[in-house]
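Data block below; observations after.
Number of protein chains: 2
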Amino acid sequence: MSVDEPEAVEAFERLGLTSYEAKVFIALHRLGSGTARDVARIADVPRSQVYSVAESLEGRGLLEIQQSSPIRYRPVDVDEAQDILRDRFESERERAFDYVDRVRQESTGEETQEDIWTVRGRDRVDDRVVDLLSSAKGRIVFGTRLPELVTEPIERTLECAVESDVEVLAVSRTDAVREQLGSLEGVQTDSPPSHHGEDHRSGRIVMVDDDGILLSVIDDDGSETAIWSSGSLFASVLIQLIEASTQTPS
Amino acid sequence: MSVDEPEAVEAFERLGLTSYEAKVFIALHRLGSGTARDVARIADVPRSQVYSVAESLEGRGLLEIQQSSPIRYRPVDVDEAQDILRDRFESERERAFDYVDRVRQESTGEETQEDIWTVRGRDRVDDRVVDLLSSAKGRIVFGTRLPELVTEPIERTLECAVESDVEVLAVSRTDAVREQLGSLEGVQTDSPPSHHGEDHRSGRIVMVDDDGILLSVIDDDGSETAIWSSGSLFASVLIQLIEASTQTPS
DNA sequence: ATGCTGTTGTTACGATCCTAAAAACACGGC
DNA sequence: GCCGTGTTTTTAGGATCGTAACAACAGCAT
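In the order they appear, the protein sequences are chains A and B.
The first sequence begins at 1 in the UniProt record's numbering and counts up by one.
The second sequence begins at 1 in the UniProt record's numbering and counts up by one.
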């Protein structure tokens, strides 16, 4: 009982249906088939509206109409309906990104601007970490307190880096993290210098070569926010500062 | 050059973005990165609106924000954006159909109601034909004038039926159709009796056992509309009528 | 046949919500 | 002051929601 009806209706709305369409579609699946009256009774949709809403759903291929009196409606099979919606999504996605692909500016390869970017949300940060890691040419430093921030795609990217002769160093105060990453072939592990303050809101740190860095924190509400930079002077300077403090306790 | 910008914006709208969001997203991919002013200039969006629209896009994970003055925006990689939208779609689809699956009425297996259903659209008719064919227990008659109405899934379903010891008869006036279906192992072919009138608006006919039938026509605008029935008295009677006229010319 | 009742399908219309679009405003640098 | 940035408010338009009125029709008792 994880999803109740209002939630399901909202999900359908985000898939592009109106709330009436969602309610009628759900009602017809509960009924198997039925008339406008049957639907209106259990769907909380005015009967007079059922006719046009059903026509719209028929246009999407989500139900079939029996021309009789009274008119009867019948939903298509759930799997068929999912295929229809998925096909629609994929075709729209293709149309949209076709155009973006054509007009987008070729990525400038090496960033030259002095940019520090912000990324909000764990999944987005994960993606950015993988991006950064896979751009490594010579050396990676990866650190985090939290085992759950070492995802499987990140591990795979680290292994891939090792295979490309990239030096990979995993730093953590947490034993579990060191064990997890140390078990990867060719990954060295270490503990952070004791003079580094520990902040319970720190998330992860990633340094790539001498010019790529990502630093994340855990906000009060538990969400993760990261800043990152690549190929910028900021990144180089930050990395030098951090590396220096690592090697030369102040 | 198959997709122009307005079309792409519409496609993004159907993917759940507003038109402003779509325009800003596209503009940022053309720019690589830029400020609200840059975006407003080429995106046909009021500059004052770019800020909030960009925040909304950041919330969806489609772009990143550089906290500086002026604020700079940077779109995520196109592939990453597609993954994000696809993940969102799949999770909504799952939520929606989870509920439908839980509350839907178990299909009554054998239909008992006297129902004749209408299906509009070639793809939908294709689906229904496959459904019907795969319910066959003993005998299938499949007929059409038009080679393009013999799709690959239909062929596969016919082959599958043959393997289940279902007698499959393909009927067509068109040589190409007879050849195409005759090449399938175990499928017999035939021409329709000459006394049957030929109507250029006829589409296909499918008869399954003695109680499943589908009949389609091609509308004036080229679209296909089918009626079908399964397990009903109507279906049985129609089939008997048609079979009788086949065997006993009036 | 007549009148009554309930259902069906169509159409119209106001209320509401969201977005698009414009405008007003505060702030800071030059 | 003047210009550009960023925030906020306001207005208008469109789609959806929700109610209501209507004609057509079937069933049923008078």
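Each residue gets a CB set at the ideal place from its N, CA and C atoms; glycine is no exception.
If you're wondering where the values come from, they're calculated on a predicted model, not measured in any experiment.
- Contact residues of the segment 137 to 156 of chain B toward chain A are absent (C-beta to C-beta distance below 8 angstroms).
- Within the segment 148 to 223 of chain A, complete beta strand (DSSP E) segments of at least 3 residues are found at 167 to 171, 187 to 190, 202 to 208 and 212 to 218, given in chain order.
- In the DSSP annotation of this structure, the continuous segment of the alpha helix (DSSP H) that includes V24(B) starts and ends at S19 to L31.
- In the structure shown, Q67(B) adopts coil according to DSSP, grouped into three states.
- One Cα belongs to S52(A), the other to A170(B), and the distance between them is close to 39 angstroms.
- Its chain contains R145, S191, P192 and E198 as the residues whose beta carbon lies nearer than 8 angstroms to that of R173(B), once the 5 sequence neighbours on both sides are disregarded; these appear in chain order.
- For L214(B), the closest C-alpha among the options A43(B), R104(B) and V237(B) is that of V237(B).
- P6(B): member of the alpha helix (DSSP H) spanning E5 to R14, first to last residue.
- In this structure, the beta-carbon distance from I140(A) to V168(A) falls below 8 angstroms.
- Its Cα nearest to that of T157(A), the residue L132(A) stands out among L132(A), G138(A), V177(A) and E148(A).
- When DSSP states are grouped into helix, strand and coil, G59(B) belongs to the helix group.
- Listed along the chain, the chain B residues whose CB falls inside 7 angstroms of the CB of F12(A) are A96.
- Residues of chain B with a Cβ closer than 9 angstroms to the Cβ of G61(A) are, in chain order, V119, R120, G121, D123, R124 and D127.
- Chain-ordered, the chain A residues with CB closer than 9 angstroms to the CB of D115(B) read S33, Q66, S68, R72 and R74.
- The shortest C-alpha to C-alpha distance from R74(A) to any of S48(A), A27(A) and L241(A) is the one to A27(A).
- For L215(A), no CB of chain B lies under 8 angstroms from its own CB, so it is not counted at the interface with that chain.
- The criterion of a C-beta distance shorter than 8 angstroms is not satisfied by R128(B) and H29(A).
- Close to D101(A), with beta-carbon spacing below 7 angstroms, are these residues of chain B in chain order: V78.
- CA-to-CA, the gap between E13(A) and V3(A) works out to about 15 angstroms.
- Taking C-beta atoms under 8 angstroms as the contact rule, S232(A) and D115(A) qualify, at a distance of about 6 angstroms.
- In the displayed model, R122(B) falls within a helix according to three-state DSSP.
- An exposed status is given to S194(B), since fewer than 16 other beta-carbon atoms sit within 10 Å of its beta-carbon.
- Residue pairing for I227(B): DSSP places it in a beta bridge opposite T118(B) and L215(B).
- In terms of Cα proximity to V78(B), the closest of E163(B), E155(B) and G32(B) is G32(B).
- Nearest in C-alpha terms to L62(A), of all of R86(A), P153(A), D209(A) and R41(A), is R86(A).
- Taking L17(B) as reference, the option from S216(B), L57(B) and P6(B) with the minimal CA-CA separation is L57(B).
- One thing to note: G186(A) has its Cβ within 8 angstroms of the Cβ of V162(A).
- For V100(B), same chain residues with a beta-carbon under 8 angstroms away, outside a window of 5 residues either side, do not exist.
- DSSP, read as helix, strand or coil, puts R102(B) in helix.
- Taking 8 angstroms as the CB threshold, A161(A) stays off the interface with chain B.
- Cα atoms of S223(A) and W117(A): separation of roughly 17 angstroms, rounded to the nearest angstrom.
- The beta carbon of A136(A) lies closer than 7 angstroms to those of A161, V166, V208 and D209 in the same chain, with the five residues before and after it left out.
- Excluding sequence positions up to five before and after V9(B), its CB lies within less than 8 angstroms of the CB of S19, A22, K23 and I26, all in the same chain and listed in chain order.
- The residue from S202(B), E7(B) and D219(B) with its alpha-carbon nearest to that of A96(A) is E7(B).
- The beta carbon of V24(B) sits no closer than 8 angstroms to any beta carbon of chain A.
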